[in-house]
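Numbering of the sequence shown is given in the numbering used here, commencing with residue 10 and proceeding in unit increments.
Backbone N, C-alpha and C define an ideal beta-carbon position, used for all residues, glycine too.
Here the structure is a predicted model, which is why all the values come from computation and not from measurement.
Please read the structure below before turning to the comments.
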Amino acid sequence: AELFLRVGRGDLAAKALERLGDAVGAARALGEYLRDKGQDAEAVEHLKKAGEHAAAGDLYRKLGRYGEAGVCYRDADDFPAAAEAFRAAEQLEPAAEAYSRCGKFAEAADSYARAGRADLQAEMLEKAGDIFTAGKLYAEQGKADGAIRLMQQIPADSPNYGEACSILGRMFQEKGMHSLSVKKFTEATGSQTIARNSVDAFYELGRAHERQGDLVGAIEIFERIL
């Protein structure tokens, strides 16, 4: 086998290795021989059998078989390459998982979004540090605790602070925490005047006063809206 390999006859080396009972070595020798001969489709199966996952992934990618390339790269723990291969194959959830494994959380979030998995998209956005968008997604999914946890981290000088307070107001309202709901809706409206772009926040503030039992406060806000 060693001599056949030295003269570039991996096919004959593979037969000698098979006689030794070295199936993995035989598959590797034959796979590399076929690859060097340009017979990629035949070579890739032998390389995969030999456990040469990265090399097999390269050949699958060359052949345009991106899904199979992604599996091989993942088996080789090459998660960046796996993610790109899965994405090329439009296998979005495996792509997102691979992006997550290599710490590319924003890319993972984008893939989960394209796959329609808003729940996992929110988790990835949180890991990526986009707590505002993640919090909005949690709120849309009815995950009040997650939304509250993240929206409370939005600083007062953030341009998203008003919307974050409005979301907190709704979440506290859903949990029956009416005093906190009023407080957050009040912060959301701040010194704003009532206009088309702010009327929803004022209406929610009025509803929060109503649920708290402050009917006079609710009427005052509703009259301002009218």
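Where the alpha helix (DSSP H) containing Thr195 begins and where it ends: By one-based count along the sequence shown, residue 195 stands at place 186. That run of the alpha helix (DSSP H) goes His187 to Thr198.
Own chain residues within Cβ distance below 7 Å of Asp31, not counting five before or after: Looking up residue 31 in the sequence shown gives position 22. Nothing meets the Cβ criterion.
Under 9 Å between C-beta atoms of Ala52 and Tyr42: Start at 1 with the first residue of the sequence shown, and residue 52 comes out as number 43. Start at 1 with the first residue of the sequence shown, and residue 42 comes out as number 33. Closer than 9 Å, so yes.
Nearest-angstrom Cα separation, counted from Arg110 out to Gly34: As a working mapping, residue 34 is identified with position 25 in the sequence shown. As a working mapping, residue 110 is identified with position 101 in the sequence shown. If you take the alpha carbons of Gly34 and Arg110, they lie about 31 Å apart.
Assigned exposure category for Glu106 - 16 Cβ within 10 Å defines buried: Here residue 106 is taken as the residue at index 97 of the sequence shown, counted from 1. Glu106 should be labelled buried.
Cut-off 6 Å between Cβ atoms - residues of its own chain near Leu21, not counting five sequence neighbours on either side: Residue 21 sits at position 12 when you count from the first residue of the sequence shown. Sequence-distant partners of Leu21 (beyond 5 residues in either direction) whose C-beta falls short of 6 Å from its own C-beta, in its chain, are Phe13.
Cβ neighbours of Arg220 in the same chain (closer than 8 Å, five flanking residues each side left out): As a working note, residue 220 is residue 211 in the sequence shown. Correct list, in chain order: Gln182, His187 and Ser190.
Close Cβ partners of Gly226 (< 6 Å) along its chain, the five nearest in sequence each way excluded: Your numbering for residue 226 matches position 217 in the sequence shown. Closer than 6 Å at the Cβ level, and outside the excluded window around Gly226, lie His218.
Beta-carbon separation (whole angstroms), Leu68 vs Arg96, contact threshold 8 Å: The residue given as residue 68 occupies position 59 in the sequence shown. The residue given as residue 96 occupies position 87 in the sequence shown. With 8 Å as the limit, Leu68 and Arg96 do not qualify as a contact, their Cβ atoms being about 19 Å apart.
Through-space distance from Phe141 to Pro168, alpha-carbon basis: Residue numbering aside, residue 168 sits at position 159 when the sequence shown is read from its first letter. Residue numbering aside, residue 141 sits at position 132 when the sequence shown is read from its first letter. Cα to Cα, the separation comes out at about 11 Å.
Own chain partners of Cys174 with C-beta closer than 6 Å, once the 5 adjacent residues on each side are dropped: Your numbering for residue 174 matches position 165 in the sequence shown. Excluding sequence neighbours, Cys174 sits near Lys193, Glu196 and Ala197.
Inter-residue Cα distance where the pair is Glu135 and Gln161: Mapped onto the sequence shown, residue 135 falls at position 126. Mapped onto the sequence shown, residue 161 falls at position 152. Their Cα atoms are separated by approximately 13 Å.
Helix, strand or coil at Ala85 according to DSSP, with G and I counted as helix: Residue mapping note: residue 85 aligns to position 76 of the sequence shown, counting from 1. If DSSP states are grouped into helix, strand and coil, Ala85 belongs with coil.
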